[in-house]
Amino acid sequence: MIWQLMREKRIGVLALQETHLTADQAESLSGQYRRLRFFVSPTPEPFVLNKDVVDASDDNVTFEVIVPGRAATLAIGWHATRRVSILNIYAPANSPVAKRAFFSDLYDSWPDSERWAPDVMLGDFNLVESSIDRFPPHLDDAAATTALSRLVTLFRLHDGYRRTYPTTPTFTFERTSDGILTTARLDRAYVSDDILSTAHSWSVAESPIPSDHKLISFTLVDEKLPFIALTDETFLRGSITPETRSSTNNAPLIWKRDFKDKNGLNLSFLHLGPPSSPVLPARRHPF
1410 MIWQLMREKR IGVLALQETH LTADQAESLS GQYRRLRFFV SPTPEPFVLN KDVVDASDDN
1470 VTFEVIVPGR AATLAIGWHA TRRVSILNIY APANSPVAKR AFFSDLYDSW PDSERWAPDV
1530 MLGDFNLVES SIDRFPPHLD DAAATTALSR LVTLFRLHDG YRRTYPTTPT FTFERTSDGI
1590 LTTARLDRAY VSDDILSTAH SWSVAESPIP SDHKLISFTL VDEKLPFIAL TDETFLRGSI
1650 TPETRSSTNN APLIWKRDFK DKNGLNLSFL HLGPPSSPVL PARRHPF
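In terms of our numbering, the sequence shown is residues 1410 to 1696.
Next up, the structure:
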């Protein structure tokens, strides 16, 4: 099912949370699906790479566990001069004290670790920063929220979906208890300035893989790639006239479909839940 999802949507990098996938299971899956590569460790935050879209070789990819069970990074070469670093997060779920400690520990330890700031920090943060991201609306624990905000500021990142859709209530998780539905946008992606300026196709969609969380996706574009011009013959053959222009055949859509998306890298992430449940600059230093 993961392979079908990544193939149909041309997902280059899929970050998962709470999979409880062992190294042996990952090796077995890699053997079964030879176009995928799984990066796992004693942590339920693996990355899955689509070899049809990205170079998944050892020379091009670096994987590191930061906090076992909670945080891991993957850095991947995208183009000849671009490397994308992705921090995959699964924050503690229930205790505000544990959430605050988790984000504070990352904040305190990162500058001394000689690691570079991630270009993307994504995953299940198990809290929201604004009441618009919960229904019924309410604020989360202030200390835990502040700890996350400090980390986001340290990395100089932005909530990509909320910056794109500032007033749209959108939820990635829902649960019904005692007949009462609660929803929240727990799953988010924070991105750097340059990624934010070019990323597109932000989406929150139902997952084809059973989960009480939704699949979040967006596409990175390297605007510095060389422009490939069309020949006169090709241009004329595909030209749009007032008679042929329509809502499905117009210049912006053709640009996005035929040019912009071909240079894009689709990043997606999904919290799978417990077992009982049915990429920019080469380096960024914020300090």
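Glycine is no exception: its CB is placed at the ideal position from the N, C-alpha and C atoms.
- When beta bridges are read from the DSSP output, Tyr-1499 appears opposite Asp-1533.
- Contiguous beta strand (DSSP E) elements confined to the region 1577-1641 occur at 1582-1586, 1589-1593, 1596-1600, 1609-1614 and 1624-1630, taking only those with 3 or more residues.
- Inter-segment contact for the region 1567-1585 and the region 1594-1611 is present: three or more beta-carbon pairs are separated by less than 8 Å.
- Boundaries of the alpha helix (DSSP H) around Leu-1557: 1551-1564.
- Taken atom to atom, the span from the alpha-carbon of Pro-1527 to that of Val-1600 is near 8 Å.
- CA-CA distance, Ser-1558 to His-1609, rounds to 24 Å.
- In this structure, Ala-1484 lies away from Val-1476, with their beta-carbon atoms at least 8 Å apart.
- Rounded to whole angstroms, Leu-1624 and Trp-1487 show a C-alpha spacing of 22 Å.
- Distance from the CA atom of Leu-1566 to the CA atom of Gly-1478, rounded to whole angstroms, is 23 Å.
- Put simply, the backbone Cα of Leu-1629 is about 16 Å away from that of Leu-1496.
- Contact annotation: the region 1579-1588 does not touch the region 1510-1525, with fewer than three C-beta pairs closer than 8 Å.
- Here Thr-1471 has Ala-1484 as same chain residues with Cβ atoms under 6 Å from its own Cβ, once five neighbours each way along the sequence are excluded.
- Burial of Ala-1593 is indicated by the presence of at least 16 other C-beta atoms within 10 angstroms of its C-beta.
- In the structure shown, Gly-1478 adopts coil according to DSSP, grouped into three states.
- Between Met-1415 and Val-1457, the beta carbon gap of about 7 Å places them in contact (Cβ cut-off 8 Å).
- Within the same chain, Ala-1593 and Arg-1594 come within 7 Å of Asp-1542 by CB-CB distance, once the 5 residues on both sides are set aside.
- When secondary structure is reduced to three states using DSSP, Ser-1539 falls in the coil class, being assigned neither helix nor strand.
- Sequence-distant partners of Asn-1535 (beyond 5 residues in either direction) whose C-beta falls short of 6 Å from its own C-beta, in its chain, are Ala-1500, Ala-1502 and Leu-1595.
- Cα atoms of Asp-1549 and Leu-1590: separation of roughly 17 Å, rounded to the nearest angstrom.
- Using a Cβ distance threshold of 8 Å, Val-1463 and Val-1529 do not count as a contacting pair.
- In this structure, DSSP gives Thr-1471 an extended state, which the three-state scheme calls strand.
- Residue pairing by DSSP places Asp-1568 opposite Tyr-1599 in a beta bridge.
- When rounded, the separation of the alpha-carbon atoms in Thr-1482 and Arg-1524 is 10 Å.
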